[in-house]
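Asker: For the protein sequence lines, the chains are A and B, in the order given. Quick note on numbering: the first sequence equals residues 1 to 232 in the numbering used here. Quick note on numbering: the second sequence equals residues 233 to 464 in the numbering used here.
Number of protein chains: 2
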Amino acid sequence: MRIAVVTVGDELLAGDTVNTNAAWLGTRLGERGVAVERVTTVPDRVADVARVVNEYLAEYDAVIVTGGLGPTHDDLTMEGVAAAVGRAVEEHPEAVEWLTEHGGYVAENLAEGTAHLPAGARVLPNEVGVAPGAVVESVYVLPGVPAEMKAMFELVEGEFEGTPTYSETVVTSEPESGLLDRIRGVREAFDVTVGSYPGENVRLKVTAADPETAERAAGWLRERVDLVEDGA
Amino acid sequence: MRIAVVTVGDELLAGDTVNTNAAWLGTRLGERGVAVERVTTVPDRVADVARVVNEYLAEYDAVIVTGGLGPTHDDLTMEGVAAAVGRAVEEHPEAVEWLTEHGGYVAENLAEGTAHLPAGARVLPNEVGVAPGAVVESVYVLPGVPAEMKAMFELVEGEFEGTPTYSETVVTSEPESGLLDRIRGVREAFDVTVGSYPGENVRLKVTAADPETAERAAGWLRERVDLVEDGA
Chain A
1 MRIAVVTVGD ELLAGDTVNT NAAWLGTRLG ERGVAVERVT TVPDRVADVA RVVNEYLAEY
61 DAVIVTGGLG PTHDDLTMEG VAAAVGRAVE EHPEAVEWLT EHGGYVAENL AEGTAHLPAG
121 ARVLPNEVGV APGAVVESVY VLPGVPAEMK AMFELVEGEF EGTPTYSETV VTSEPESGLL
181 DRIRGVREAF DVTVGSYPGE NVRLKVTAAD PETAERAAGW LRERVDLVED GA
Chain B
233 MRIAVVTVGD ELLAGDTVNT NAAWLGTRLG ERGVAVERVT TVPDRVADVA RVVNEYLAEY
293 DAVIVTGGLG PTHDDLTMEG VAAAVGRAVE EHPEAVEWLT EHGGYVAENL AEGTAHLPAG
353 ARVLPNEVGV APGAVVESVY VLPGVPAEMK AMFELVEGEF EGTPTYSETV VTSEPESGLL
413 DRIRGVREAF DVTVGSYPGE NVRLKVTAAD PETAERAAGW LRERVDLVED GA
């Protein structure tokens with residue numbers, strides 16, 4: 001299962017907000033063996049949301065969209081997603097019901113748009129905030145506020161199933177350019193993929209189809225590189 | 233000037249690393265009046281880098297690519313960028329010179345690929361790390377390690393020029409759905425754009441072409457919403 005994540009919001013592009021939602025989704029989906037293959041941030045504009053979601057819908061097994069729900073003029077994600085799948089946006093009776101029963105809202109006072117979803121969408125209740133999410137075709141539309149996004153993702157998490165992989169990370173004090181022989185060695189000796197991530201120290205991440213292979217490959221490396229003692 | 237940022241790396245998609253580089257670039261470019269209109273994260277795969285960079289090159293005034301430089305097998309960004317602009321990857325004499333003179337390397341010992349850049353590229357020295365960056369056509373290729381990326385961006389920052397805008401942020405304890413009248417009001421009374429960002433509190437960000445308008449619009453809002461005292 002291959003996934004694209006589309007995060008909507010001028011505040012992400014402007015750097016006012018760091019995109020922690022994408023990292024959280026990557027981790028959670030990774031634990032289920034589902035690979036996130038694209039993360040794209042787009043502005044709060046209907047045409048941009050529509051175009052990117054439409055493109056990714058054709059290419060990936062599912063698209064997760066976060067942000068830009070809610071009642072204000074810059075909350076345009078539902079319109080964009082509806083356009084991407086060629087549907088109208090309309091007030092959704094189930095969303096109105098949820099908001100009035102659980103959100104303490106009076107139906108007549110609901111801000112325009114709050115209960116508007118792509119026609120025929122499945123409603124996802126927002127157990128932490130107000131604006132409901134939606135599933136339409138294979139597009140999952142979640143809020144941008146992290147606590148709301150996480151709670152809503154957990155409602156649909158079971159719909160994402162892949163083949164889990166197992167990783168171990170070895171942290172070394174050696175420079176990356178000196179590690180090429182050991183990286184080649186571990187890739188030849190074990191059926192693993194290896195990622196090399198420089199920073200203050202280099203992190204070598206070995207990933208395998210079973211935990212034993214990952215552990216053996218990491219052990220092979222640990223015997224052959226200068227380790228950082230605290231593993232940091 | 234409209235910019236796209238492409239961040240390369242499986243570790244970003246897997247959620248092992250939060251994409252702080254994109255936020256930092258968004259802030260720095262925003263200060264220069266340059267809008268980042270897309271941020272896309274792609275895997276460490278030549279074809280993915282090539283395709284996305286090629287597409288954005290056609291659409292944006294410049295593309296900034298970060299990550300996936302360096303000598304290891306998963307550092308494929310230069311190959312991808314070269315493919316995007318239809319050029320070969322070749323050892324670059326200036327990059328070899330930089331690495332041997334400043335990096336303390338012996339040319340014969342340079343790891344394969346470290347000094348390989350798209351043909352005809354301008355070399356960007358890496359004053360904090362090892363792998364050089366490059367500029368080819370309007371693609372700026374920077375390292376993924378934040379300290380290296382920031383130092384290298386500062387070498388080329390002057391090439392990004394836009395029309396600065398001025399923002400003020402008002403933090404309110406009111407729920408977003410109750411603020412619609414005031415948001416409409418400030419947009420009608422002043423020549424500003426308004427972003428509404430819910431979270432623990434709602435942040436209203438007003439942006440104008442001059443600082444006086446931004447300040448007056450924020451003042452208008454501050455008189456009319458319930459403020460969060462510490463501004464947090």
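Quick reminder that beta carbons are idealized off the backbone N, C-alpha and C, glycines included. No experiment lies behind these values; they were computed from the predicted model shown.
1. Give the DSSP bridge partners of residue 3 of chain A, in chain order.
2. Is there a C-beta anywhere in chain B that falls below 8 Å from the one on residue 73 of chain A?
3. Contact criterion: CB-CB distance below 8 Å. Does residue 480 of chain B meet it with respect to chain A?
4. For residue 365 of chain B, name the three-state secondary structure that DSSP assigns.
5. Looking at chain B, is there any beta carbon in it that lies within less than 8 Å of the beta carbon of residue 173 of chain A?
6. Along the chain, where does the alpha helix (DSSP H) containing residue 170 of chain A start, and where does it finish?
7. If I measure Cβ to Cβ from residue 392 of chain B and keep anything under 8 Å in the same chain, skipping five residues before and after, which residues do I get?
8. May I ask which residues mark the beginning and end of the beta strand (DSSP E) holding residue 124 of chain A?
9. What alpha helix (DSSP H) runs, 4 residues minimum, are completely inside the stretch 142-198 of chain A?
10. Check whether the Cβ atoms of residue 412 of chain B and residue 218 of chain A sit closer than 8 Å, and answer yes or no.
11. For a contact defined as C-beta to C-beta under 7 Å, what are the partners of residue 79 of chain A on chain B?
12. Leaving aside the five residues before and after residue 74 of chain A along the sequence, list all residues of the same chain whose C-beta is less than 6 Å from its C-beta, in chain order.
13. At least one CB of chain A closer than 8 Å to the CB of residue 423 of chain B: is that the case?
14. Does chain A have any CB closer than 8 Å to the CB of residue 460 of chain B?
15. Output needed for residue 79 of chain A: all residues of its chain with C-beta closer than 6 Å, excluding positions within five of it in sequence on either side, in chain order.
16. At least one CB of chain B closer than 8 Å to the CB of residue 23 of chain A: is that the case?
17. Could one say the Cβ of residue 40 of chain A lies closer than 8 Å to chain B's Cβ atoms, at least one of them?
18. Beta strand (DSSP E) containing residue 203 of chain A: first to last residue?
19. Considering only DSSP beta bridges, list what residue 303 of chain B is partnered with.
20. Could you check what DSSP says for residue 323 of chain B in three-state terms: helix, strand or coil?
21. As a quick exercise: from B:351, B:408, B:377, pick the residue whose alpha carbon is nearest that of residue 362 of chain B.
22. Does residue 273 of chain B come out as helix, strand or coil in the three-state DSSP assignment?
23. State yes or no: is the C-beta of residue 66 of chain A within less than 8 Å of the C-beta of residue 142 of chain A?
24. From the beta carbon of residue 266 of chain B, is the nearest beta carbon of chain A less than 8 Å away?
25. How would you label residue 17 of chain A, buried or exposed, when you count the other beta carbons within 10 angstroms and need 16 or more for buried?
26. Can you have a look at residue 15 of chain A and say buried or exposed, based on whether 16 or more other CB atoms are within 10 angstroms of its CB?
27. What does the alpha-carbon distance come out to for the pair residue 425 of chain B and residue 27 of chain A?
28. Residue 342 of chain B by DSSP, collapsed to three states: which one?
29. Do residue 238 of chain B and residue 285 of chain B have their CB atoms nearer than 8 Å?
30. Quickly, what does DSSP pair residue 240 of chain B with across the bridge? List them, please.
31. Any Cβ of chain A within less than 8 Å of the Cβ of residue 300 of chain B?
32. Secondary structure at residue 140 of chain A, three-state DSSP: helix, strand or coil?
33. In its own chain, which residues sit with a C-beta less than 6 Å from the C-beta of residue 211 of chain A, not counting the 5 before and 5 after it?
34. The alpha helix (DSSP H) spanning residue 25 of chain A covers which residue range?
35. Return helix, strand or coil for residue 76 of chain A, following the three-state DSSP convention.
36. Note down, in chain order, every chain B residue with its Cβ under 7 Å from the Cβ of residue 111 of chain A.
Answerer: On the basis of the coordinates in this document:
1. As a first step, residue 3 of chain A must be located in the first sequence, where it is residue number 3. Beta-bridge pairing links residue 3 of chain A to A:36, A:62.
2. Locating residue 73 of chain A in the first sequence gives position 73, where the first residue counts as 1. So, interface residue.
3. Because residue 480 of chain B is not part of the residues shown, which for chain B are 233 to 464, the question remains open.
4. Walking along the second sequence from the start, residue 365 of chain B turns up at place 133. It is a strand residue.
5. Here residue 173 of chain A corresponds to residue number 173 of the first sequence, with the count starting at 1. Not closer than 8 Å to any Cβ of chain B, the Cβ of residue 173 of chain A fails to qualify, so no.
6. Along the first sequence, read from residue 1 onward, the residue named residue 170 of chain A stands at position 170. Run containing residue 170 of chain A: none in the alpha helix (DSSP H); it sits in the beta strand (DSSP E), 166-172.
7. Here residue 392 of chain B refers to the residue found at position 160 when the second sequence is read from its first residue. For residue 392 of chain B, where only same-chain residues beyond five positions count, the Cβ hits under 8 Å are 233, 235, 261, 264, 266, 294.
8. If you number the first sequence from 1, residue 124 of chain A lands on position 124. Residue 124 of chain A -> beta strand (DSSP E) spans 122-124.
9. Here the runs fully enclosed are 146-156, 180-189.
10. Locating residue 412 of chain B in the second sequence gives position 180, where the first residue counts as 1. Locating residue 218 of chain A in the first sequence gives position 218, where the first residue counts as 1. Not a contact, by the Cβ cut-off of 8 Å.
11. Taking the first sequence and counting its residues from 1, one reaches residue 79 of chain A at position 79. Going along chain B, no residue has its Cβ under 7 Å from residue 79 of chain A, so there is no contact; the nearest lies around 16 Å.
12. Translated into the one-based positions of the first sequence, residue 74 of chain A becomes position 74. Once the five neighbours on either side are set aside, the close Cβ partners of residue 74 of chain A are 44.
13. Residue numbering aside, residue 423 of chain B sits at position 191 when the second sequence is read from its first letter. So, not an interface residue.
14. As a first step, residue 460 of chain B is located in the second sequence; it is residue number 228 there, counting from the start. By this cut-off, residue 460 of chain B is not an interface position.
15. Along the first sequence, one-based indexing puts residue 79 of chain A at 79. Cβ neighbours of residue 79 of chain A beyond the five flanking positions: 46, 89.
16. As a first step, residue 23 of chain A is located in the first sequence; it is residue number 23 there, counting from the start. Closer than 8 Å: yes.
17. Indexing the first sequence from 1 puts residue 40 of chain A at position 40. Yes, residue 40 of chain A lies at the interface with chain B (some Cβ there is under 8 Å from its Cβ).
18. For the purposes of this step, residue 203 of chain A is identified with residue 203 of the first sequence, where counting begins at 1. Where residue 203 of chain A is concerned, the enclosing beta strand (DSSP E) stretches over 202-208.
19. Residue mapping note: residue 303 of chain B aligns to position 71 of the second sequence, counting from 1. Note: residue 303 of chain B sits in no beta bridge, so no partner.
20. The residue labelled residue 323 of chain B in the question sits at position 91 within the second sequence. DSSP places residue 323 of chain B in the strand class (E or B) of the three-state scheme.
21. Position 130 of the second sequence, counted from the start, is the residue given in the question as residue 362 of chain B. It is B:377 whose Cα lies nearest to the Cα of residue 362 of chain B.
22. By 1-based counting over the second sequence, the position of residue 273 of chain B is 41. It is a strand residue.
23. Position 66 of the first sequence, counting from 1, holds the residue named residue 66 of chain A. Position 142 of the first sequence, counting from 1, holds the residue named residue 142 of chain A. Yes, the Cβ-Cβ distance between residue 66 of chain A and residue 142 of chain A is below 8 Å.
24. The residue labelled residue 266 of chain B in the question sits at position 34 within the second sequence. Chain A contact via Cβ: absent.
25. One-based indexing of the first sequence puts residue 17 of chain A at position 17. Counting Cβ neighbours within 10 Å, residue 17 of chain A comes out buried, since at least 16 surround it.
26. Residue mapping note: residue 15 of chain A aligns to position 15 of the first sequence, counting from 1. It is buried - the Cβ of residue 15 of chain A has at least 16 other Cβ atoms within 10 Å.
27. Against the second sequence, residue 425 of chain B aligns to sequence position 193. Against the first sequence, residue 27 of chain A aligns to sequence position 27. Looking at the two C-alpha atoms, the distance is approximately 35 Å.
28. The count along the second sequence starts at 1 and reaches residue 342 of chain B at position 110. Looking at residue 342 of chain B - three-state DSSP - the assignment turns out to be coil, as it is neither helix nor strand.
29. Taking the second sequence and counting its residues from 1, one reaches residue 238 of chain B at position 6. Taking the second sequence and counting its residues from 1, one reaches residue 285 of chain B at position 53. Yes, the Cβ-Cβ distance between residue 238 of chain B and residue 285 of chain B is below 8 Å.
30. Residue 240 of chain B sits at position 8 when you count from the first residue of the second sequence. Under DSSP, the beta-bridge partners assigned to residue 240 of chain B are B:274.
31. The residue given as residue 300 of chain B occupies position 68 in the second sequence. Cβ-Cβ to chain A under 8 Å: no for residue 300 of chain B.
32. Counting from 1 along the first sequence, the entry for residue 140 of chain A is found at position 140. In this structure, residue 140 of chain A counts as strand in the three-state DSSP scheme.
33. The residue given as residue 211 of chain A occupies position 211 in the first sequence. 166, listed in sequence order.
34. Locating residue 25 of chain A in the first sequence gives position 25, where the first residue counts as 1. Its alpha helix (DSSP H) spans residues 20-31.
35. For this step, residue 76 of chain A is matched to residue 76 along the first sequence. The answer is coil: DSSP assigns residue 76 of chain A none of H, G, I, E or B.
36. The residue given as residue 111 of chain A occupies position 111 in the first sequence. Residues of chain B passing the Cβ test: 409, 412.
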